[in-house]
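Report on the following structure.
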């Protein structure tokens, strides 16, 4: 057997444990009362609404309306504007153009005590009221005067191109706007959606032809957003709630604590089983399992900043359970194989060598099939949504988390349960007082 | 040398047991029918929490009075978690008969009526779920297509990796074992009258991976023993010897998995978390079935197929 130096075991084990501590608890320091998070831990995981509690709703145009993509984008930007203005930043919002649906999910706000989800949903879907107001807040004109708005580029202003929003007014709107611009020339007129100020341009000239330009330091995105918001005030349909769901925060919090207990108890039981049955290989397996679990947690808590933001749901926890099961299995297969090699009369070193070698193909084949399952789930239920042509955009959801944690867990299993676990085993086998066959699964003393 | 266990010799017993369970399942399916959760078939459930005793008839009248257009039913369960010292806590689930989503105004009306009629019981809105029928069905179909794609790819993988022991036969028999396990989980839902929800899909996916892993570990050993014992050796002996060799691994892995999931289940029962319970119980059935189907269904079928091919 190719010997691995003794200190390797201790170095790897300590590194795994240190990594696990930082992954579970995070690294934080206090600067006065301000908390700085250096590394994100378990408490920084963004929990899904099935755990933390929150609201999920699907909106559709009321009646038999076939909404255009632009109209849906406008409706979406209304909802977005309202959520941001009420301090909800942690939301998922997307449009299913195929079936004319707008789906929104968001968790409870942290300090929320009295919250009425029904009212909140109704508020989001309410018809937007667009208004043009003077500096005293007096309403001068409303959204019914606006025909449409679109983002454009001003190429006339010479050297640098400038993004702007073009307003097209109705016939009555044009007359009204002409008198307004005359009265408020060189003053600001603010554009409001409900009670949220969208923009406050200054009237630079009297506009009588019903076609106005709003300029400012817009980026392309800002111009498109403002145009969408203004269009939202002139949508030809109301939004109605197609489906909604809400989970109260206490219910979610309790299930989280319960799952935490379950995880700790299950882990202790598995650790006891492994150590009692397989002794030294079992002990090594437990360290590797801690490492695997820590890698899975790190991948969902954004320990490594390369991963995108991720929402952890109950199926996501199931994915971790399955991958830990696969990790335990990889170590059991190896330990059982070493036992078998002892039975056929091998020495300690050659039993470990042959046992690890002969068990590798079974572990790889078993894990590869799970990788296939998880990749399919990620593609089907994730952002790429490969079946959206048939089933529409709206059918993503919690199963994505299952695929994600499963894939991450199986990759962690290759790193921890296979590679590092074997490195540690071969290294610890060189430690003098442990070099006894029965400690590695051989018969008798 | 330990004596090999005779899996092939007893295969008739194994097949009979599985067929009996499947038959019972089909009969139950015909009698009871499978119920789909509102996630898939559409509909509305609203849950409220309350404390103390409530007259059920008065409750029914109040709820029905608040939404005269809908036909509602409800179930009341104990809520141990929120018990106070003086009074017991309960949860009431109100189910609407239709398969369409209700208006948010209807829900508001019920909340108002309940708090007005029973001010002492502290009715609190807990959760609601309301799904449109067409969207639910789409989601179910998509889940099934995802499972089908994953299954085909897994069989393809097994066929390629185990070319030396019959390839396609190994892949197809692994698939038969997977169908067996999915059927067991499905019948478990039917027999216990549990509605089929997205948890069902997650459990099926997990068991597909788990059961196939079990089958592959055995196939892997067969592939290896076939090399050691030579091409002349009887396939039944090769399988019995391989399965016996990996038997202690199969048992150890199944026990650890079962212990872990049973822990989750027990904790979920103590905390009365329905969603987690309905997740953990079928998973336990699936683990047992997955372990059984690899040893007693996929293996013997693979032996019979290849023996027939040899003799023809």
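Chains as they are written, first to last, in this note's numbering: chain A, 469 to 913; chain B, 48 to 359.
Positions of the beta carbon are idealized from the N, C-alpha and C atoms, including for glycine.
Contact check, residue i vs residue j, beta carbons under 9 Å
{"i": "residue 246 of chain B", "j": "residue 176 of chain B", "result": "no"}
{"i": "residue 510 of chain A", "j": "residue 765 of chain A", "result": "yes"}
{"i": "residue 289 of chain B", "j": "residue 334 of chain B", "result": "no"}
{"i": "residue 619 of chain A", "j": "residue 692 of chain A", "result": "yes"}
{"i": "residue 882 of chain A", "j": "residue 819 of chain A", "result": "no"}
{"i": "residue 638 of chain A", "j": "residue 569 of chain A", "result": "no"}
{"i": "residue 231 of chain B", "j": "residue 786 of chain A", "result": "no"}
{"i": "residue 165 of chain B", "j": "residue 121 of chain B", "result": "no"}
{"i": "residue 769 of chain A", "j": "residue 874 of chain A", "result": "no"}
{"i": "residue 54 of chain B", "j": "residue 278 of chain B", "result": "no"}
{"i": "residue 99 of chain B", "j": "residue 179 of chain B", "result": "no"}
{"i": "residue 739 of chain A", "j": "residue 491 of chain A", "result": "no"}
{"i": "residue 698 of chain A", "j": "residue 635 of chain A", "result": "yes"}
Cβ neighbour criterion (16 or more within 10 Å) applied to residue i
{"i": "residue 896 of chain A", "result": "buried"}
{"i": "residue 57 of chain B", "result": "exposed"}
{"i": "residue 190 of chain B", "result": "buried"}
{"i": "residue 80 of chain B", "result": "exposed"}
{"i": "residue 501 of chain A", "result": "exposed"}
{"i": "residue 342 of chain B", "result": "buried"}
{"i": "residue 78 of chain B", "result": "exposed"}
{"i": "residue 799 of chain A", "result": "buried"}
{"i": "residue 655 of chain A", "result": "exposed"}
{"i": "residue 48 of chain B", "result": "Only weak support is given to the placement of residue 48 of chain B: the predicted model assigns it a pLDDT of 49, under 50, and the question is left unresolved by the model."}
{"i": "residue 339 of chain B", "result": "buried"}
{"i": "residue 101 of chain B", "result": "buried"}
{"i": "residue 670 of chain A", "result": "exposed"}
{"i": "residue 482 of chain A", "result": "exposed"}
{"i": "residue 257 of chain B", "result": "buried"}
{"i": "residue 809 of chain A", "result": "buried"}
{"i": "residue 63 of chain B", "result": "exposed"}
{"i": "residue 906 of chain A", "result": "exposed"}
Those residues which DSSP pairs with residue i across a bridge
{"i": "residue 515 of chain A", "result": "A:780"}
{"i": "residue 631 of chain A", "result": "A:621, A:686"}
{"i": "residue 575 of chain A", "result": "A:522"}
{"i": "residue 140 of chain B", "result": "B:94, B:122"}
{"i": "residue 665 of chain A", "result": "A:660"}
{"i": "residue 528 of chain A", "result": "A:708"}
{"i": "residue 504 of chain A", "result": "A:497"}
{"i": "residue 637 of chain A", "result": "A:614"}
{"i": "residue 564 of chain A", "result": "A:569"}
Closer than 9 Å at the beta carbon, the chain B residues around residue i
{"i": "residue 833 of chain A", "result": "204, 205, 208, 209, 260, 263, 264, 266, 267"}
{"i": "residue 745 of chain A", "result": "299"}
{"i": "residue 741 of chain A", "result": "299, 302, 303, 306"}
{"i": "residue 533 of chain A", "result": "Correct list: empty, because the minimum Cβ distance to chain B is about 16 Å."}
Closest residue to residue i among the options (Cα-Cα distance)
{"i": "residue 678 of chain A", "options": "A:648, A:820, A:733", "result": "A:648"}
{"i": "residue 134 of chain B", "options": "B:299, B:121, B:168, B:335", "result": "B:168"}
{"i": "residue 108 of chain B", "options": "B:160, B:60, B:136", "result": "B:160"}
{"i": "residue 184 of chain B", "options": "B:243, B:220, B:334", "result": "B:243"}
{"i": "residue 594 of chain A", "options": "A:576, A:662, A:559", "result": "A:662"}
{"i": "residue 222 of chain B", "options": "B:271, B:203, B:240", "result": "B:203"}
{"i": "residue 898 of chain A", "options": "A:909, A:834, A:911, A:817", "result": "A:817"}
{"i": "residue 304 of chain B", "options": "B:72, B:327, B:82", "result": "B:327"}
{"i": "residue 228 of chain B", "options": "B:96, B:352, B:336", "result": "B:336"}
{"i": "residue 867 of chain A", "options": "A:632, A:780, A:657", "result": "A:780"}
{"i": "residue 890 of chain A", "options": "A:870, A:845, A:803, A:876", "result": "A:803"}
{"i": "residue 666 of chain A", "options": "A:633, A:674, A:651", "result": "A:633"}
{"i": "residue 281 of chain B", "options": "B:344, B:307, B:358, B:267", "result": "B:358"}
{"i": "residue 643 of chain A", "options": "A:676, A:622, A:658, A:616", "result": "A:676"}
{"i": "residue 754 of chain A", "options": "A:635, A:795, A:788", "result": "A:795"}
{"i": "residue 559 of chain A", "options": "A:849, A:778, A:870", "result": "A:778"}
{"i": "residue 471 of chain A", "options": "A:892, A:905, A:698, A:902", "result": "A:892"}
8 Å Cβ cut-off: residues of chain B touching residue i
{"i": "residue 873 of chain A", "result": "Correct list: empty, because the minimum Cβ distance to chain B is about 11 Å."}
{"i": "residue 876 of chain A", "result": "Those do not exist, as residue 876 of chain A stays about 14 Å from chain B at its closest Cβ, beyond 8 Å."}
Neighbouring residues, chain A, relative to residue i (Cβ below 8 Å)
{"i": "residue 213 of chain B", "result": "In chain order: nothing, as chain A lies at least about 15 Å away."}
{"i": "residue 197 of chain B", "result": "840, 841, 844, 845"}
Interface partners of residue i on chain A, CB under 7 Å
{"i": "residue 248 of chain B", "result": "867"}
{"i": "residue 50 of chain B", "result": "Chain A residues near residue 50 of chain B: none, gap ~14 Å exceeds 7 Å."}
{"i": "residue 295 of chain B", "result": "804"}
Any non-hydrogen atom of the ligand ZN within 8 Å of residue i CB
{"i": "residue 668 of chain A", "result": "With respect to the ligand ZN, the structure offers nothing, as it holds no ligand at all."}
Under 7 Å from the C-beta of residue i: neighbouring residues of chain B
{"i": "residue 837 of chain A", "result": "201, 204, 256, 259, 260, 263"}
{"i": "residue 714 of chain A", "result": "174, 175"}
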